[in-house]
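Asker:
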Amino acid sequence: AREPVGSARGRRPGLPSLPAEFGTGCRCRMMEAAAAWGWLGALSVACVALAGGRQRYAIAPKPAHGVAGQASAELTSFHHNYLALHFLLMLADWLQGTNMYTLYKSYGVDPGLLFMTGFVTSAICSTFLGHWVDKYGRKRGCVAYCVLEVIIQVLEHVRDVRLLLLGRVLGGISTALLFSAFESWLVTAHHARGLPEAALRKTFSLASTLNGVSAVLAGLLARLAFSYGGEIAPFQVSLVITIVCLVWIVTQWEENCAPSSASTGMDLAALASNRRVLALSFVQAGFEGAKYTFVFMWVQTFLNLSKSEARPPIEILFSCLMVALSIGGLVFDLVSCHIQAARHEWIGVFVFCTASFTMVCAGLVTSRMLPVALLTGVVSPSTIIMLSFCLFEACVGVFDPWISTMRSEHVPDRVMATVMTLSRVPLNLLVGIGVHLTENYSLVLVFGICAILHLVCAMVCTTLLLPPSSLRSSAPHAKSH
Numbered sequence: 027a028r029e030p031v032g033s034a035r036g037r038r039p040g041l042p043s044l045p046a047e048f049g050t051g052c053r054c055r056m057m058e059a060a061a062a063w064g065w066l067g068a069l070s071v072a073c074v075a076l077a078g079g080r081q082r083y084a085i086a087p088k089p090a091h092g093v094a095g096q097a098s099a100e101l102t103s104f105h106h107n108y109l110a111l112h113f114l115l116m117l118a119d120w121l122q123g124t125n126m127y128t129l130y131k132s133y134g135v136d137p138g139l140l141f142m143t144g145f146v147t148s149a150i151c152s153t154f155l156g157h158w159v160d161k162y163g164r165k166r167g168c169v170a171y172c173v174l175e176v177i178i179q180v181l182e183h184v185r186d187v188r189l190l191l192l193g194r195v196l197g198g199i200s201t202a203l204l205f206s207a208f209e210s211w212l213v214t215a216h217h218a219r220g221l222p223e224a225a226l227r228k229t230f231s232l233a234s235t236l237n238g239v240s241a242v243l244a245g246l247l248a249r250l251a252f253s254y255g256g257e258i259a260p261f262q263v264s265l266v267i268t269i270v271c272l273v274w275i276v277t278q279w280e281e282n283c284a285p286s287s288a289s290t291g292m293d294l295a296a297l298a299s300n301r302r303v304l305a306l307s308f309v310q311a312g313f314e315g316a317k318y319t320f321v322f323m324w325v326q327t328f329l330n331l332s333k334s335e336a337r338p339p340i341e342i343l344f345s346c347l348m349v350a351l352s353i354g355g356l357v358f359d360l361v362s363c364h365i366q367a368a369r370h371e372w373i374g375v376f377v378f379c380t381a382s383f384t385m386v387c388a389g390l391v392t393s394r395m396l397p398v399a400l401l402t403g404v405v406s407p408s409t410i411i412m413l414s415f416c417l418f419e420a421c422v423g424v425f426d427p428w429i430s431t432m433r434s435e436h437v438p439d440r441v442m443a444t445v446m447t448l449s450r451v452p453l454n455l456l457v458g459i460g461v462h463l464t465e466n467y468s469l470v471l472v473f474g475i476c477a478i479l480h481l482v483c484a485m486v487c488t489t490l491l492l493p494p495s496s497l498r499s500s501a502p503h504a505k506s507h
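In the working numbering, the protein residues as written are 27 to 507.
And the structure:
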């Protein structure tokens, strides 16, 4: 269910290309490795500066007293343990994505068929896997994920398309577990320890930042591994890391399950009438559906900007986007510390509107609707595209900890994994639609659809800003909250 980092599927007929008036210099500048390294350096400096600002301007925690004071060391140890494991998990996951497409092409099989198999499997399994995780244990769900990943990475060594399809089926299951079991374990264990909610929000922010760092490191490791062992080498490195994570979970984590007396059916029936939970599920599916569709478009967009058929420095450009993702996580930490928890919904509205703006900019450049004088003068089209893509990835970096924080506040622990996996059913359907659109229609149309979807998410998110009474409340009553 993962799309590789550099999914450059070659030029397709019907895709828009920029007119000759843009000029050779404008079209080639971003394709040069030196320019790409310049972007990476600038973004890295910004990331380091934000990290320093986070330490300097973040609100210091109030002095702990009594039990809270005794729990301070436990809180630090608990969250550092989780973040270290999360970093290794995401590193192993990114290592598979970097060379998956090229590995399948070297085997002579259709990558699109394998990817769609994973997405469809994930959508089907999401209808029941979350309930299984809540009922039988989040730790067991995490262990099951690691075991499945070990099997998948072994199957990747085989050129038989039937075994590769089996691996993608297992990959769909493991993806549903990755994005439900681990977060639900963290939230439940955090609440069981009576730790402060602000610490959980900070953990989500750091997890988003570390996700970007792990992606950059995965690209470097994959490049090094490829130089020694070919396309399969990054999977072998990922296999070792996954085994380490499996041992870590088995030996270090305790089990937590939903109470045996809890009725998941009744809980879900009650949540189905909770507009906040429904809105959160919708915006998660909408934003992430557009996000994964973007994954299928960004490489092709840079290819269209290239003057020749020469391959752009995809690995460096990918690293730029992942540094921007880390910047987003730091921004969330800084912003969330300075606004009331009751106003965190506004962060989501801002993220969705900004993401829509970035898709509009990318679509206008790709469609040649921006003035040629602007693009060939002060700012080149490739610069606008790069700025738009980096800003979008920063939005992703803010969104990930934001949605996790909102879930921890509004979704009961006993059905956390169930709600998370059910939200992935429409998400995977949207991804399937997005893949179909990118394969058969122009990028301009797909950028436009993504922009509209982000705006719809912003409108839905505004329902979270109203008091939890009813949407039929009048405007004056709503403002009095």
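Heads up, the beta-carbon is just placed ideally off N, CA and C, and yes, glycines get one too.
Over what stretch of residues does the alpha helix (DSSP H) that includes ASN466 continue unbroken?
Answerer: Taken as a continuous stretch (DSSP letters only), the alpha helix (DSSP H) holding ASN466 covers 442-466.
Asker: Which of the three DSSP states, helix, strand or coil, is assigned to CYS487?
Answerer: In the structure shown, CYS487 sits in a helix (DSSP, three-state: H, G or I).
Asker: Who are the near neighbours of VAL437 in its chain, counting only those whose CB is closer than 7 angstroms to its CB and skipping five residues on each side?
Answerer: Taken in chain order, the residues that qualify are VAL303 and VAL445.
Asker: Specify whether the stretch 344-354 and the stretch 209-226 touch according to this definition: at least 3 beta carbon pairs, one from each stretch, less than 8 angstroms apart.
Answerer: The stretch 344-354 is not in contact with the stretch 209-226.
Asker: If you drop the 5 nearest sequence neighbours on each side, which residues of the same chain put their C-beta closer than 8 angstroms to that of GLY138?
Answerer: The answer, listed in chain order, is VAL461 and GLU465.
Asker: Distance check for LEU329 and THR229, CA to CA, integer angstroms please.
Answerer: Rounded to the nearest angstrom, the two C-alpha atoms are 37 angstroms apart.
Asker: Find the nearest neighbour of ARG194 within the set VAL405, VAL176, GLY64 and PHE208, judged by alpha-carbon distance.
Answerer: Looking at the Cα atoms, VAL176 is the closest of the given residues.
Asker: Report all residues from its chain with a CB closer than 7 angstroms to the CB of CYS387; omit the five preceding and five following residues, and keep chain order.
Answerer: So the list reads ILE410 and SER414, once near-sequence residues are dropped.
Asker: Helix, strand or coil: how does DSSP classify ASN330 here?
Answerer: Helix.
Asker: Let me confirm a value: HIS480 is counted as buried when at least 16 other C-beta atoms fall within 10 Å, else exposed. Which label applies?
Answerer: Looking at its Cβ environment, which holds 16 or more other Cβ atoms inside 10 Å, HIS480 is buried.
Asker: Taking just the CA atoms, how far does PHE261 sit from THR489?
Answerer: Approximately 43 angstroms, taken between the alpha carbons.
Asker: Kindly indicate which residue of LYS165, SER70, ALA77 and LEU226 has the alpha-carbon position closest to the one of PRO427.
Answerer: For the residues LYS165, SER70, ALA77 and LEU226, the minimum Cα distance to PRO427 belongs to LEU226.
Asker: Do you know how far the Cα of MET412 is from the Cα of LYS317?
Answerer: Approximately 16 angstroms between the Cα atoms of the pair.
Asker: Going by C-alpha to C-alpha distance, which of SER434, ALA381 and ALA59 sits closest to ILE475?
Answerer: Per the Cα distances, ALA381.
Asker: Going by other Cβ atoms of all chains shown within 10 Å of its Cβ, with 16 needed for buried, is ASP186 buried or exposed?
Answerer: With fewer than 16 other Cβ atoms within 10 Å, it is exposed.
Asker: Confirm, please, whether the CB-CB distance from LEU191 to THR268 is below 8 angstroms.
Answerer: Their beta carbons are not under 8 angstroms apart, which means THR268 does not touch LEU191 by this criterion.
Asker: Got a sec: does the ligand NAD put a non-hydrogen atom nearer than 7 angstroms to the Cβ of THR201?
Answerer: As presented, the structure is devoid of all ligands, the ligand NAD included, so that no description of it is given.
Asker: Within the continuous alpha helix (DSSP H) that includes THR201, where are the two ends?
Answerer: Here the alpha helix (DSSP H) through THR201 covers 187-204.
Asker: Hey, quick one: how far does the alpha helix (DSSP H) through ALA241 stretch, first residue to last?
Answerer: Residues 223-255.
Asker: Could you tell me the alpha carbon to alpha carbon distance between LEU243 and LEU117, rounded to whole angstroms?
Answerer: Each residue's alpha carbon lies about 7 angstroms from the other.
Asker: What residue range does the alpha helix (DSSP H) around THR153 cover?
Answerer: Taken as a continuous stretch (DSSP letters only), THR153 belongs to no alpha helix (DSSP H), as it is neither H nor E.
Asker: Please state whether DSSP places PRO339 in a helix, a strand or coil.
Answerer: Residue state, collapsed to three classes: coil.
Asker: Touch check for the stretch 442-458 and the stretch 144-162: three-plus C-beta pairs under 8 angstroms?
Answerer: The stretch 442-458 is in contact with the stretch 144-162.
Asker: Can you give me the Cβ contacts of CYS487 inside the same chain, cut-off strictly under 8 angstroms, excluding the 5 residues immediately before and after it?
Answerer: Taken in chain order, the residues that qualify are ALA305, VAL309, GLU371, GLY374, VAL375 and PHE378.
Asker: Can you tell me whether PHE313 is buried or exposed, with buried defined as 16 or more other CB within 10 angstroms of its CB?
Answerer: Looking at its Cβ environment, which holds 16 or more other Cβ atoms inside 10 Å, PHE313 is buried.
Asker: In angstroms with no decimal places, state the Cα-to-Cα distance between CYS421 and LEU356.
Answerer: Answer to the nearest angstrom: the Cα atoms are 11 angstroms apart.
Asker: Out of VAL424, LEU246 and PRO222, point me to the one whose CA is closest to GLY123's CA.
Answerer: When only C-alpha atoms are compared, the closest one is LEU246.
Asker: Please report the residue range of the alpha helix (DSSP H) in which ALA125 lies.
Answerer: Per the sequence presented here, residue 125 reads as Asn, with Ala not at that position. Taken as a continuous stretch (DSSP letters only), the alpha helix (DSSP H) holding ASN125 covers 98-133.
Asker: Check whether the Cβ atoms of PHE205 and ARG433 lie closer than 8 angstroms to each other.
Answerer: Result no, Cβ atoms of PHE205 and ARG433 do not sit closer than 8 angstroms.
Asker: Within the same chain, show all residues whose beta-carbon is closer than 7 angstroms to that of PRO339, passing over the 5 residues directly before and after it, in chain order.
Answerer: Cβ neighbours of PRO339 beyond the five flanking positions: ALA59 and ALA62.
Asker: Can you list, in chain order, the residues of its chain with a C-beta nearer than 8 angstroms to that of LEU66? Leave out the 5 residues immediately preceding and following it.
Answerer: Excluding sequence neighbours, LEU66 sits near ILE342, SER345, CYS346 and VAL349.
Asker: What does a CB cutoff of less than 6 angstroms around LEU189 pick up in its chain, not counting 5 residues either side in sequence?
Answerer: The answer, listed in chain order, is LEU181.
Asker: Drop a sphere of 10 angstroms on the beta-carbon of MET485, count the other beta-carbons inside from all chains shown, and report buried for 16 or more, exposed for fewer.
Answerer: With fewer than 16 Cβ atoms within 10 Å of its Cβ, MET485 is classed as exposed.
Asker: Helix or strand or just coil, what does DSSP make of PRO438?
Answerer: Coil at PRO438, not helix or strand.
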